[in-house]
């Protein structure tokens, strides 16, 4: 029997001696060292080979299934279900995380919208013809909440204010639904104007506002004003008035003078026809709807440029 093994480039060949061969020490070959093996060594080698054949390449791995192969291989009830469950849990966690992020974004948007509506800008729609042609019925405008407050109200500003003196003779009978009220509250829908009015400021505290001059114009502090914003065909006023604006109040009129119930007609109400500055919601600064009428609403400062301080 011959057993061949490689050890660092040396080849060992062991041949069992026959009866005719000498049993003494063998000559040394100059190329490779030849080492004889005893019979007992050969037997031990055969026994090791036999054990390897029976038991396999080595001890069983703890992760191997006794039925052959890795744990759970081919076993629908094994660790395969664990992997599926883990994947399902991971997918569920991702979905929950996504929904949580969406909820956070929506909540943040609502809070931001409410903050903008409360402190910066609020949308209103126009319910009547009293401000034509500057504003028409069902127009949408954006109102700056910084006036009054951060900035003062000036002559010529178009202001939105609460109708605390009940100037409106007709109010809508239908109440808006809870969803609409909620969307209006957070600022996603324009404010209904059933409790607000929109007019142009003609006189500020201390101003002396009268009508009419010999030319039929309104005068402020003794100076007649030309009003280019009036609706074509409209006259400055069909009735005469002579008023001094009290502190903390405003004198307002609509641009469509023949179709506007304003400060001229409420001299006997609780505020004498004046609008308290504290009840001003803000100044309209842009017409946003309809898009084809988009307009920045600038103050016509030239109208009052020659008006002196009171």
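In the UniProt record's numbering, the protein residues as written are 1 to 310. Cβ coordinates follow ideal geometry from the N, Cα and C atoms, glycine included.
Residue i, DSSP secondary structure in three states
| i | result |
| --- | --- |
| residue 104 | helix |
| residue 125 | strand |
| residue 309 | coil |
| residue 155 | coil |
| residue 90 | helix |
| residue 294 | coil |
| residue 260 | coil |
| residue 120 | coil |
| residue 111 | helix |
| residue 202 | strand |
| residue 228 | coil |
| residue 236 | coil |
| residue 276 | strand |
| residue 303 | helix |
| residue 197 | strand |
| residue 351 | Lying before the first or after the last residue shown, residue 351 is absent from the chain, which here runs from 1 to 310. |
| residue 178 | helix |
| residue 35 | Confidence is the limiting factor: at residue 35 the pLDDT is only 41, short of 50, which leaves the residue's position unreliable, though a coordinate-based value still follows. In the structure shown, residue 35 sits in coil (DSSP, three-state: anything other than H, G, I, E or B). |
| residue 168 | coil |
Buried/exposed call for residue i, threshold 16 Cβ in 10 Å
| i | result |
| --- | --- |
| residue 94 | exposed |
| residue 255 | buried |
| residue 126 | buried |
| residue 201 | buried |
| residue 231 | buried |
| residue 149 | exposed |
| residue 270 | exposed |
| residue 300 | buried |
| residue 105 | exposed |
| residue 291 | exposed |
| residue 264 | buried |
| residue 85 | exposed |
| residue 306 | exposed |
| residue 130 | buried |
| residue 143 | buried |
| residue 250 | buried |
| residue 111 | exposed |
| residue 257 | buried |
| residue 262 | buried |
| residue 102 | exposed |
Residue from the options with nearest C-alpha to residue i
| i | options | result |
| --- | --- | --- |
| residue 303 | 284, 223, 263, 126 | 223 |
| residue 132 | 161, 199, 168, 110 | 199 |
| residue 286 | 100, 124, 90 | 124 |
| residue 229 | 211, 150, 253 | 253 |
| residue 297 | 156, 103, 233 | 156 |
| residue 210 | 245, 234, 232, 300 | 245 |
| residue 141 | 217, 97, 225, 289 | 289 |
| residue 309 | 235, 232, 220, 97 | 220 |
| residue 212 | 120, 134, 243, 105 | 243 |
| residue 214 | 225, 207, 204, 116 | 225 |
| residue 247 | 217, 101, 207 | 207 |
| residue 135 | 307, 294, 305 | 294 |
| residue 145 | 89, 139, 121, 250 | 121 |
| residue 268 | 167, 292, 291 | 167 |
| residue 165 | 138, 197, 178, 147 | 197 |
| residue 154 | 204, 96, 89, 306 | 204 |
| residue 260 | 234, 96, 147, 116 | 234 |
| residue 195 | 218, 88, 99, 128 | 128 |
Sheet register partners of residue i (DSSP bridge)
| i | result |
| --- | --- |
| residue 284 | 143 |
| residue 289 | 140 |
| residue 210 | 219, 242 |
| residue 251 | 203 |
| residue 161 | 197, 280 |
heavy atom of the ligand NAP below 7 Å from residue i C-beta
| i | result |
| --- | --- |
| residue 267 | The ligand NAP is not part of the structure shown, which contains no ligands of any sort. |
* Is the stretch 275 to 284 touching the stretch 228 to 242 in the sense that three or more CB pairs, one from each, lie closer than 8 Å? -> No contact exists between the stretch 228 to 242 and the stretch 275 to 284.
Are the stretch 263 to 280 and the stretch 157 to 167 touching, with three or more C-beta to C-beta distances below 8 Å? Yes, the stretch 263 to 280 is in contact with the stretch 157 to 167.
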